[in-house]
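The next block holds one structure in the form of structure tokens; read it before the comments.
Residue numbers (the working numbering): -19 to 93.
Given below as structure tokens:
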């Protein structure tokens, strides 16, 4: 059960961090560089403590940091393209799609091999 909580914390922490990064970049581009707009994103990214919690709890129960790292990278590879597509309505180029597929295969290899 605690392994599931660790994985969920890593995914949620990565998702919140990525969401804050993407919103900040989008709003910063629209606002023309208004630094005051970044404050809410700094507050949102402070929930990155979930990543620390997920890493610590995961390492306590899995005893292998490489599995935790692969889960974190896998979370990034799943969450970031989805959020980018939803927030920017921008489709990936061929090169970035190929890089994404290689990254996903690497994360899966780290978990299962």
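Even glycine gets a Cβ: it sits at the ideal position worked out from N, Cα and C.
- Just measuring C-alpha positions, the residue of -17, 21, 5, 30 sitting nearest residue 67 is 5.
- Across the set 78, -12, 88, -5, the C-alpha of -5 shows the shortest separation from the C-alpha of residue 26.
- A Cβ-Cβ contact shorter than 7 Å links residue 30 with residue -11.
- Judged by beta-carbon spacing, residue -1 lies within the 7 Å limit of residue 63, meaning their Cβ atoms are closer than that value.
- Shown here for residue 40: not one same chain residue has a beta carbon closer than 6 Å to its own, the five before and five after excluded.
- The criterion of a C-beta distance shorter than 7 Å is not satisfied by residue 37 and residue 89.
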